[in-house]
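Notes follow the structure.
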Amino acid sequence: MQRWIWVFVAGFLAVFCFHQVALGLLHAAGVVPFAPFNLAATKPLGVPSVISGAFFGGLWALVMIALLDRIGTGLIWLKAALFGGIVLTLVALLVVFPLKGMGFDMAQLPGRFVIGFILNACWGIGTIVFIRVLPR
Numbered sequence: 202m203q204r205w206i207w208v209f210v211a212g213f214l215a216v217f218c219f220h221q222v223a224l225g226l227l228h229a230a231g232v233v234p235f236a237p238f239n240l241a242a243t244k245p246l247g248v249p250s251v252i253s254g255a256f257f258g259g260l261w262a263l264v265m266i267a268l269l270d271r272i273g274t275g276l277i278w279l280k281a282a283l284f285g286g287i288v289l290t291l292v293a294l295l296v297v298f299p300l301k302g303m304g305f306d307m308a309q310l311p312g313r314f315v316i317g318f319i320l321n322a323c324w325g326i327g328t329i330v331f332i333r334v335l336p337r
């Protein structure tokens with residue numbers, strides 16, 4: 202049980218230290234129009250957006266590590282990057298964006314996928330970094 206708490210914490214922290222930092226770099230380069238560490242309230246609970254994202258980062262870390270435990274941890278960095286980059290990006294584009302009223306625009310899909318892949322792959326790698334340095 203304690204291991205899973207640390208896995209959640211690793212995914213939570215990876216949002217702040219990897220995902221949001223990558224978002225900040227993309228924003229500074231003019232690739233994305235929105236800044237990192239968004240404190241705007243999200244629906245329905247009014248929690249700051251970055252905190253909500255970190256919470257879901259923790260939940261997704263549980264899923265990712267459970268999957269990696271099943272398929273093996275060889276090449277764990279690559280598998281974590283691919284899990285974050287592909288799975289989380291597809292869920293965001295196909296489920297989260299439409300639920301938030303952002304719709305699904307095929308013309309924007311390639312660009313959104315590439316940006317999402319970069320951000321979420323950074324989260325996946327960051328989660329593994331924190332799993333390696335946090336207590337076991």
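Convert by adding 201 to the 1-based position in the sequence shown; the result is the number in the numbering used here.
All residues carry an ideal CB built from backbone N, CA and C; glycine is no exception.
- Query: Exposed or buried, which one is W324 when buried takes at least 16 other CB atoms within 10 Å?
  - Reply: When all chains shown are included, W324 counts as buried.
- What is the rounded straight-line gap between the Cα of F318 and the Cα of M202? Going from the Cα of F318 to the Cα of M202 covers about 30 Å.
- Message: On the CB-based measure, 16 or more other CB atoms within 10 Å of its CB, does M307 come out buried or exposed?
- Response: The residue in question, M307, is exposed, as its Cβ has fewer than 16 Cβ neighbours within 10 Å.
- M303 versus R337 - alpha carbon distance: The alpha-carbon atoms of M303 and R337 are separated by roughly 40 Å.
- A236 by DSSP, collapsed to three states: which one? In the structure shown, the three-state DSSP call for A236 is coil.
- Neighbourhood of L335 by C-beta distance below 7 Å, restricted to the same chain and skipping five residues each side: Within the same chain, W207, V210, A211 come within 7 Å of L335 by CB-CB distance, once the 5 residues on both sides are set aside.
- Query: Out of N239, H228, A267, which has the shortest C-alpha to C-alpha gap to G254?
  - Reply: Selected option, being the one with the closest Cα: N239.
- Message: Three Cβ pairs or more, each shorter than 8 Å: is that satisfied between the region 213-228 and the region 257-265?
- Response: Three or more Cβ pairs closer than 8 Å define a contact, and the region 213-228 meets that threshold against the region 257-265.
- Message: Output needed for L294: all residues of its chain with C-beta closer than 8 Å, excluding positions within five of it in sequence on either side, in chain order.
- Response: Once the five neighbours on either side are set aside, the close Cβ partners of L294 are F305, L310, R313, F314, G317.
- Query: So what does DSSP say about P299, is it helix, strand or coil?
  - Reply: Secondary structure at P299: helix, using DSSP grouped into helix, strand and coil.
- Determine the DSSP secondary structure at P245, reduced to helix, strand or coil. In the structure shown, P245 sits in coil (DSSP, three-state: anything other than H, G, I, E or B).
- Report yes if the C-beta distance between L276 and N321 is below 8 Å; otherwise report no. Result no, Cβ atoms of L276 and N321 do not sit closer than 8 Å.
- Item | Host alpha helix (DSSP H) of H228 (start-end) | Counting along the chain, H228 sits inside the alpha helix (DSSP H) bounded by residues 221-229.
- Task: Would you give the residue range spanned by the alpha helix (DSSP H) that P311 belongs to?
- Result: For P311, the enclosing alpha helix (DSSP H) covers residues 310-334.
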